[in-house]
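First residue of the sequence shown? That's 1 in my numbering, and the numbers climb one at a time after it. Cβ coordinates follow ideal geometry from the N, Cα and C atoms, glycine included. As the structure is a prediction and not an experimental result, all values here were calculated from the model.
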Amino acid sequence: MTAALPVSVTPHPGESIESWLEHLADANGLTTAQLLGATGRGRAGNRYRTLAPSPETITRLADLARVDERDVYAATLAAFDGTALDLTGLDPADRHSYRQVAARGWAPAHGTQICPACLADDDAWRSAWRLLIVTTCTQHQSLLVARCPSCRRPFRDQRHSHLRRVGAATVCGNPLGAGPTKQCQHNLTTIPTTPAQGRSRPSETRRYRPCRTGGCRPRTGR
Ligand SMILES: [Zn+2]
Ligand SMILES: [Zn+2]
Numbered sequence: 001m002t003a004a005l006p007v008s009v010t011p012h013p014g015e016s017i018e019s020w021l022e023h024l025a026d027a028n029g030l031t032t033a034q035l036l037g038a039t040g041r042g043r044a045g046n047r048y049r050t051l052a053p054s055p056e057t058i059t060r061l062a063d064l065a066r067v068d069e070r071d072v073y074a075a076t077l078a079a080f081d082g083t084a085l086d087l088t089g090l091d092p093a094d095r096h097s098y099r100q101v102a103a104r105g106w107a108p109a110h111g112t113q114i115c116p117a118c119l120a121d122d123d124a125w126r127s128a129w130r131l132l133i134v135t136t137c138t139q140h141q142s143l144l145v146a147r148c149p150s151c152r153r154p155f156r157d158q159r160h161s162h163l164r165r166v167g168a169a170t171v172c173g174n175p176l177g178a179g180p181t182k183q184c185q186h187n188l189t190t191i192p193t194t195p196a197q198g199r200s201r202p203s204e205t206r207r208y209r210p211c212r213t214g215g216c217r218p219r220t221g222r
């Protein structure tokens, strides 16, 4: 049983687990490093926290934040397993299994895209932004942004922790240089966005509708 934190924070619908944990740390006056210490950083069960955390990790985080385990599970990428993702073969106890899963190409090993307008609305980073098949924000009808204009790297491009040292602040926060103390301070909510193009023409949608049996040919007419 994990001791609960004084301030409970519930993940937003669609919010990523990293974003939620950064908000949880801020709300309780903790640095993200202190929060990770409280969650038992380094245990095998935490290794794939953002992908498919072990049931024990889910329970521990839910106890810590005093939220429903289902809300924690929904914030992990495992919530997409079987739909947008195929996590078959991922084993939290085997550090080599992530590479096999990542090799299928559904998400970058490090980093994520963002919608600046979403971050301006509620400070919550969405799980779906990590999926390479997702290129637009349906809420704001704009293209996701893949790189920070200042440090020119993907967002959340950090190797040693899932959580940013800047906590939930809506700045980039990528580590700069070799030292641990400097982070990119670009304000993410001010990054200009590009409107998403309209949908493909209806005729194309009809003619190239995917089929399940393989061997599809372009449809003619309806
Ligand atoms: Zn958006
Ligand atoms: Zn940056």
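Please report how far the alpha carbon of A128 lies from the alpha carbon of Q113, in whole angstroms. Distance between the alpha carbons of A128 and Q113: 9 Å.
In terms of alpha-carbon separation, which member of D86, G14, S8 lies closest to A65? S8
Going by beta carbon distance, what residues of the same chain come within less than 7 Å of A75, once the five residues before and after it are set aside? Excluding residues within five positions, the ones whose Cβ falls inside 7 Å are P11, E15, S16, I17, W20, S127.
Closer than 6 Å to ligand 2: residues, by C-beta to nearest heavy atom, in chain order: C148, S150, C151, C172, N174, C184, H186
Give the straight-line distance between the Cα atoms of P192 and D86, rounded to the nearest whole angstrom. 33 Å
Since H23 is in the alpha helix (DSSP H), which residue starts that stretch and which ends it? That run of the alpha helix (DSSP H) goes 17 to 27.
Would you tell me roughly how many angstroms separate the C-alpha atoms of L132 and L163, rounded to the nearest one? 21 Å
Answer yes or no: the CB of E139 versus the heavy atoms of ligand 1, is any distance below 7 Å? The amino acid at residue 139 is misidentified as Glu; the sequence shows Gln. Q139: yes, Cβ under 7 Å from ligand 1.
Burial state of H23 (16 or more Cβ within 10 Å): buried
Using only CA atoms, which one of R152, R153, Q185 lies nearest to R165? Q185
Count the other CB atoms, across all protein chains shown, that sit within 10 Å of the CB of G89; report buried if there are 16 or more and exposed otherwise. Under this definition G89 is an exposed residue.
Consult DSSP for I191 and reduce its assignment to one of helix, strand or coil. coil
I need the DSSP call for V171, collapsed to helix, strand or coil. strand
Keeping to the same chain, check which residues put their C-beta closer than 6 Å to that of A62; ignore five residues upstream and five downstream. Excluding positions up to five away in sequence, the list reads E69, V72.
Taking only runs that begin and end inside the region 122 to 184, name each unbroken alpha helix (DSSP H) of 4 or more residues, in chain order. none
Taking buried to mean at least 16 other C-beta atoms within 10 Å of its own C-beta, is Q183 buried or exposed? With 16 or more other Cβ atoms within 10 Å, it is buried.
Check: A117 C-beta below 7 Å from any heavy atom of ligand 1: yes
Taking a contact to mean a Cβ-Cβ separation below 8 Å, would you say A25 touches G167 in this structure? yes
For R60, count the other beta carbons within 10 Å of its own beta carbon; 16 or more makes it buried, fewer makes it exposed. Which is it? buried
If I follow the unbroken alpha helix (DSSP H) through A33, where does it start and stop? 32 to 38
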